[in-house]
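A.B. asks: So the protein sequences, as listed, match chains A and B. Under our numbering, the first residue of the first sequence is numbered 5, with each subsequent residue one higher. Under our numbering, the first residue of the second sequence is numbered 5, with each subsequent residue one higher. Virtual Cβ for every residue (Gly too), placed ideally from N, Cα, C. This one's a predicted model, so the numbers in the text were calculated from it and none came from an experiment. One structure coming up, written as structure tokens, with questions to follow.
2 protein chains.
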Amino acid sequence: MKKYIQEDEWRIIEDGFNPDVHESSESLFSLGNGHMGQRANFEEHYSGPYLQGHYVAGIYYPDKTKVGWWKNGYPEHFAKVLNAPSWIGINIKIDQYDLDLYQLQVSKFRRVLDMKEGILSRSFIAEFPNGYKVQVKTQRFLSIVKRELGAIQYNVKALNFSAEIRADFYIDADISNEDSNYDEKFWDQVSEFADERFARVNAKTKKTSFVVSTGQCSRVDIDKQEVTKKPKAIVQARKAHLVYTFNLSEGQEAQFYKIGAVTTSRDYPAGDLDKRTRELIREAEKAGFENLKKEHIEAWSKKWEHSDIVIEGDVSAQQGIRFNIFQLNQTYSGHDASLNIGPKGFTGEKYGGGTYWDTEAYCLPFYLSTADQSIPRNLLLYRFKQLDKAIENAENLGFTNGAALFPMVTMNGEECHNEWEITFEEIHRNGAIAFAIYNYTRHTGDNEYLYDYGLEVLIAISRFWSQRVNFSEKRGKYVMLGVTGPNEYENNVNNNWYTSYLAVWTLKYTIEAIEKLRSVNRKKADELFDRLQFKVTEETAKWTDIIGLLYLPEDKDLGIFLQQDGYLDKEQITTDQLLPVERPINQTWSWDRILRSCFIKQADVLQGIYLFEENFSLDTIRRNFDFYEQRTVHESSLSPCIHAILATKLGLPDKAYDLYLRTSRLDLDDYNNEVHEGCHITSMAGTWLAIVEGFGGMRVKNDHLHFDPLLPKTWLSLKFKVHFRGRIIHVYISHKKLQVSTHDGSKFRYYVGNKEYLT
Amino acid sequence: MKKYIQEDEWRIIEDGFNPDVHESSESLFSLGNGHMGQRANFEEHYSGPYLQGHYVAGIYYPDKTKVGWWKNGYPEHFAKVLNAPSWIGINIKIDQYDLDLYQLQVSKFRRVLDMKEGILSRSFIAEFPNGYKVQVKTQRFLSIVKRELGAIQYNVKALNFSAEIRADFYIDADISNEDSNYDEKFWDQVSEFADERFARVNAKTKKTSFVVSTGQCSRVDIDKQEVTKKPKAIVQARKAHLVYTFNLSEGQEAQFYKIGAVTTSRDYPAGDLDKRTRELIREAEKAGFENLKKEHIEAWSKKWEHSDIVIEGDVSAQQGIRFNIFQLNQTYSGHDASLNIGPKGFTGEKYGGGTYWDTEAYCLPFYLSTADQSIPRNLLLYRFKQLDKAIENAENLGFTNGAALFPMVTMNGEECHNEWEITFEEIHRNGAIAFAIYNYTRHTGDNEYLYDYGLEVLIAISRFWSQRVNFSEKRGKYVMLGVTGPNEYENNVNNNWYTSYLAVWTLKYTIEAIEKLRSVNRKKADELFDRLQFKVTEETAKWTDIIGLLYLPEDKDLGIFLQQDGYLDKEQITTDQLLPVERPINQTWSWDRILRSCFIKQADVLQGIYLFEENFSLDTIRRNFDFYEQRTVHESSLSPCIHAILATKLGLPDKAYDLYLRTSRLDLDDYNNEVHEGCHITSMAGTWLAIVEGFGGMRVKNDHLHFDPLLPKTWLSLKFKVHFRGRIIHVYISHKKLQVSTHDGSKFRYYVGNKEYLT
């Protein structure tokens, strides 16, 4: 744990320059706008350790997987979001000395990420060996209004000298991925261009052949007066520069402006990119830095209006939740149904940037409540569009008849995980994708989605489950063998309760949805079934058989559901018996020991109880919580939030708050010493869940919102907003009262403890 | 299956040149002498597809493993025997035309591996585009008397032309491994030398720093008259040449002689290698090709005297078993206890050439019966010498108190397997190593080995088992979780019967051995226990507890031992329900489907029943055989031999013969279309077992040999020799009689069906 970020309700603040945590800061101060994102790399040259990071949504590369001995069905590629050409570079020379913070004496360094406005700023004084002192102030943002644009203001003041300044504004497409499996470069050179007003570099990804055009324009003022001398345009392989040389006198300040544009062949024909990039840059230049900034801040202000959470009495928690909301909004804007949310968003390369079940299980509820329903709908459409590939994926494993297995990780619908055991076995992801359809429909009431798209996905997933189980003559039950639950500290287990429960639920829900559509629109139903060659009677009869006979392991003595067959054969030890030096066990124990231990990486049985809590009595929930919480090491960032929600449900505010703390400031306080690799974007949605569904006790039941709040003792009040069926609902909770109102003042019916209220 | 090798009792014969099977022939015609070995690459340049292969025993490289996400305890390296500098090259130019069989018209091509003499020969006529016809006859061998030497005679006859001949005798150290994980080269250049009489290249392996010195001398005769003109000595980086140029007239024949020497820093100080290589070459030159050949043939003759098996009435089976015996003797000579037997011997790179449990479970019995006991003893000492590393290996996984886990694959005692799931879970290998000590002692009566070395290994393995199990409160039994049995079509199963049975057996045998040593030599025992900090009473009490309470799964209804927990939950289908196009399933099914199916790759429960048959009634054996044989796909070359032995035991000669056929000519007839990668050396020992223990029904019980023969119907008779307690026993079996005699004519007591006989 490295705690150096200052607490503030709206801002992330680093005071003083510390190269040791530079890469962590690069993660924490990341910017993004859904179309692109970047780590907080410095604009100027930096010779110390840093992690280059500029990413363009949807631009990926299928890297060859690393595997000892390849077997049939193994994923051939581990796709990764590419580190893309960067447009932020401004190298500064003062009388031939590089401005390089790693080499100079730095004082008054301060870096601020203003989450309210979406602006990253930095200021410092650097002293050169010859005594020159220069003051620098920068601002940078990626427009959430014009998503292909970003802008920088970079001010340099000569504090105690007069000298020649050389400012090199450049675009760099000579970029590699740190996590390249075989140390290959993933970008091919295409073309470069530069004239006095505009420079750009086009590059193309290997294999996938995405073309990305990265352009820039620049401007230099001295004491707010534009310099008339034009820059020198220089073109090199994979690079394009605009270089200014001018004199700065003691006390003068130079203002550098740089606007960058990134267009891709995902959005335009490759041949049009040059033109489009140039147009974008021209328009942006005309508008100017201040106007771009203004509309950007206004847009953020609107976003916050819909998604802010206000915690009174706990600045640390306030900063934590706002950071999480901010990052989620930076990562996914919902404007493009072929994009999704990578585990690190735009803040690092780890995990490849592909789509995991995190999206459906954690992120979807956040976007359901904080954004227009078109945005979570796009998350669902993403999977719908990849249904063909999911069917192919299942066929590769030997399934037939239109059964679909959605990938564990994907970019374009193909499986691209690095580990076969997860790919083949962690199939509960299919259930999460089915549940997301239910969750979306429940929250929005948009049944049309179910009929137009959702049901087709549900049938394909149900077909998968029905083939994935087999009937055990020995038990007289259906069983589900060789799976891995959410608890990845197990491998190839039989009858994982969570997976099997989810499978049964999917089959039931699909049958319900079929019946619903048939009753609403028989013709549409028949057309769909025809197209899918779906034999309704026969297939649903098989499903019904499975629903009745699928084995769900439980232990009657303990009154708990059993994570899997034989779980109780393990040596039963609890987390309080672990020494602090042993934790996290994934850093100190061998994988062999972890697999054989009873320790649970993340909510597994409890994930199921969380999803389907209305099916279980409070006693059942309590027994399972007590048993499994003691054995859960929470070494996934997705875990404590689920436990926190159940703890509030069980009326355990202290326990819930403890668990909440492990998720809320995971990155800001770098609990796991890994934030330098990027932030845990998808699990940030879990923090939101812990607040709204945990402390707020919010549920959607029978078309209505229910609340059952339980605030942490230290919080004075909690305030959040929820999008629900076309309206924005304001919720205010203190220890004494719950206040629900609507944004537009309309009347709204809601429930507290099953009692009906009207705003 | 590609059947093109001609049947012959003593020879492997290929008639006619077929480039399509060239790489398979390179495997089948491989030569080896325990110190080095080589695929049957041509001496002259060959531009068609071939697989370079020259290997030096014990010269390996730890290649970085390929793994998606590395976890604690994963092996860092996959060690591989290196493709080493080759000395066989003789490039021939005739008037500037290359002699290159891939480009010329070839007739009368014949390749013969004479197994009786250990000589590879080749003859052919090649016609050049200009009409020149040349006849070539070659012979090659690797001396099993002077193991650092090999020799070639290469005769070239001008059939219809007179021309200038250029013969380039060279050494090539610019060699790569085909299976390099990251396309790296593994050899560093050291030095080259060449003068008229001697050329050599020294090269050094990366990381491991083995130096290998490869030398040659050469001689050219024309019509048996040595040419007086000296060769031109040429040195290049990693290469050294001796080049002759001379004229050959129509009808004349040139005889080329080449002797190669390979010395390594495993055997001499690196600084002495130059001298040693030169000396070896000088001595060999003095002795001459014919003398070297003569002593080599004599030595093979002695080997055959001890290890031959004669089958009357089945040439195909005769050739098959001789091929297997020949290859085993080429691979391992037993002269060096730091060497072992790789799965492909010296015939290919696959599986890395490391030591697997194949050695103890399959090869040891072969060497016990066919060689002096010092040779199998060296196989045991190999593991003893690596005990420290096995303890380290176990410590890396979290075991303590001197517990040892021998590696799944190794070169120097370190684990170097490519797959974590095998490394961590396929721990039955530890049991095979323990059993080998018992097997050796049982066969040789050499209890001193047990006291001096074996017991220390047994204690370390027993300590491992006692920590690897855990007590299940739920069952009131010890359980062994997360293992993989010999059936690698399962992964991470609980309570694999074979592994657990072997563990119990090891604990019992260790306790017995401890008691034996204490009664024989109390002082020695106490010294050993002191050194090992072995708390006899306490530790053996724990072991006894485990022996009594370790859970061994069985199914009472079926009367069988259960491969693992939940095996009967799988869909129970039998191999006769598989379509021919589906087999082998490892080439047509996804790994996911294979893992979840009930199909068994290789003997698992039956491997245990084979090892401990005296503990089970014939009925029990039959029930298990009937159940598991139906479910076994035999997709490991180590499988059918074990089933064949049990089938003879059960009086099923046809079944046994069917199974035997799958192993006996596996490589010669290339059943699995993979012999181009190399031969299945270790499983060749299984063929020997199938004959001697299967059809011969030989067992060692209570210090005596027992026989219970059952010949295949087509065989007239079977004859084999067995080393047993200092004597060589001759066994002759026909359908009518069994004849046992001793090599030295001495009296010998043996048993048939528990009845005592005397020779």
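Residue 753/A to residue 746/A, Cα distance in whole Å?
C.D. replies: For the pair residue 753/A and residue 746/A, the Cα-to-Cα distance works out to about 10 Å.
A.B. asks: Which residues, taken in chain order from the stretch 474-494 of chain B, show a beta carbon closer than 9 Å to some beta carbon of chain A?
C.D. replies: 474, 475, 476, 477, 478, 479, 481, 483, 485, 486, 494
A.B. asks: Check whether the Cβ atoms of residue 223/B and residue 261/B sit closer than 8 Å, and answer yes or no.
C.D. replies: yes
A.B. asks: Along the chain, where does the beta strand (DSSP E) containing residue 193/A start, and where does it finish?
C.D. replies: 191-198
A.B. asks: Measure from the C-beta of residue 608/B to each C-beta in chain A and report whether the shortest distance is under 8 Å.
C.D. replies: no
A.B. asks: Going along the chain, which residues of the stretch 60-89 of chain B sit with their C-beta nearer than 8 Å to a C-beta in chain A?
C.D. replies: 69, 70, 71, 72, 73, 75, 76, 77, 78, 82
A.B. asks: For residue 110/A, tell me which candidate among 130/A, 123/A, 89/A has the shortest Cα-Cα distance.
C.D. replies: The residue among 130/A, 123/A, 89/A with its C-alpha nearest the C-alpha of residue 110/A is 130/A.
A.B. asks: How many whole angstroms separate the CB atoms of residue 427/A and residue 469/A, which I take to be in contact at a CB cut-off of 8 Å?
C.D. replies: Incorrect: roughly 17 Å between the Cβ atoms, too far for contact.
A.B. asks: Give the residues of chain B in contact with residue 724/A, contact being defined as C-beta atoms less than 9 Å apart.
C.D. replies: Going along chain B, no residue has its Cβ under 9 Å from residue 724/A, so there is no contact; the nearest lies around 36 Å.
A.B. asks: Check each residue of the stretch 591-608 of chain A: if its Cβ is closer than 9 Å to any Cβ of chain B, include it; give the result in chain order.
C.D. replies: 591, 592, 593, 594, 595, 596, 597, 598, 599, 600
A.B. asks: Does the contact criterion of 3 or more C-beta pairs under 8 Å hold for the stretch 732-752 of chain B versus the stretch 696-707 of chain B?
C.D. replies: yes
A.B. asks: Cα separation between residue 619/B and residue 653/B?
C.D. replies: 14 Å
A.B. asks: Report the rounded CA-to-CA distance for residue 136/A versus residue 162/A, giving the unit in angstroms.
C.D. replies: 8 Å
A.B. asks: Starting from residue 66/B, follow its DSSP beta bridges and name the residues at the other end.
C.D. replies: Per DSSP, the beta bridge partners of residue 66/B are 83/B.
A.B. asks: Over what stretch of residues does the alpha helix (DSSP H) that includes residue 373/A continue unbroken?
C.D. replies: 368-374
A.B. asks: Would you identify the three-state DSSP class for residue 244/B, choosing helix, strand or coil?
C.D. replies: strand
A.B. asks: Judging by CA-CA distance, which residue of 125/A, 648/A, 567/A, 602/A is the nearest neighbour of residue 715/A?
C.D. replies: 648/A
A.B. asks: CB-CB under 7 Å to residue 235/A, same chain, minus the five flanking residues each way: which ones, in chain order?
C.D. replies: 200, 222, 246, 247, 248
A.B. asks: Taking beta-carbon pairs under 7 Å, can you tell me which members of the stretch 606-636 of chain B lie near chain A?
C.D. replies: Taking 7 Å as the Cβ-Cβ cut-off against chain A, none of the residues of the stretch 606-636 of chain B qualify.
A.B. asks: Assuming the contact rule is C-beta atoms closer than 8 Å, residue 600/B and residue 485/A should be a hit. Round their C-beta distance to whole Å, please.
C.D. replies: Indeed they touch by this definition, with Cβ atoms about 5 Å apart.
A.B. asks: In chain A, which residues lie with their C-beta within 8 Å of the C-beta of residue 576/B?
C.D. replies: 477
A.B. asks: Can you check whether the CB of residue 725/B is closer than 8 Å to the CB of residue 318/B?
C.D. replies: no
A.B. asks: Measure from the C-beta of residue 45/A to each C-beta in chain B and report whether the shortest distance is under 8 Å.
C.D. replies: Chain B contact via Cβ: absent.
A.B. asks: Between the alpha carbons of residue 283/B and residue 270/B, how many angstroms are there, rounded?
C.D. replies: 18 Å
A.B. asks: Buried or exposed for residue 196/B, please, with buried defined as at least 16 other CB atoms from any protein chain shown within 10 angstroms of its CB.
C.D. replies: buried
A.B. asks: Can you tell which of 51/A, 709/A, 20/A, 354/A has its C-alpha closest to the C-alpha of residue 762/A?
C.D. replies: 709/A
A.B. asks: For residue 545/B, count neighbouring Cβ atoms within 10 angstroms of its own Cβ and tell me buried if that reaches 16, exposed if not.
C.D. replies: exposed
A.B. asks: Could you tell me the alpha carbon to alpha carbon distance between residue 577/A and residue 354/A, rounded to whole angstroms?
C.D. replies: 32 Å
A.B. asks: What are the residues in the stretch 407-431 of chain B lying within 7 Å of chain A by C-beta distance?
C.D. replies: 422, 423, 424, 428
A.B. asks: Within the 8 Å Cβ cut-off, does residue 642/A reach chain B?
C.D. replies: no
A.B. asks: Got a sec: is the Cβ-Cβ distance from residue 572/A to anything in chain B below 8 Å?
C.D. replies: yes
A.B. asks: In angstroms with no decimal places, state the Cα-to-Cα distance between residue 237/B and residue 205/B.
C.D. replies: Take the alpha-carbon of residue 237/B and the one of residue 205/B: they are about 13 Å apart.
A.B. asks: If you compare alpha carbons, which of 320/B, 473/B, 359/B, 112/B is closest to residue 412/B?
C.D. replies: 359/B
A.B. asks: So, is the C-beta of residue 356/A closer than 8 Å to a C-beta in chain B?
C.D. replies: By this cut-off, residue 356/A is not an interface position.
A.B. asks: Taking only runs of the beta strand (DSSP E) that begin and end inside the stretch 463-487 of chain A, which ones reach a length of at least 3 residues, in chain order?
C.D. replies: Correct list: 474-476, 481-483.
A.B. asks: Assess, as a yes-or-no matter, whether the stretch 362-374 of chain A is touched by the stretch 91-98 of chain A under the definition of 3 or more beta carbon pairs within less than 8 Å.
C.D. replies: no
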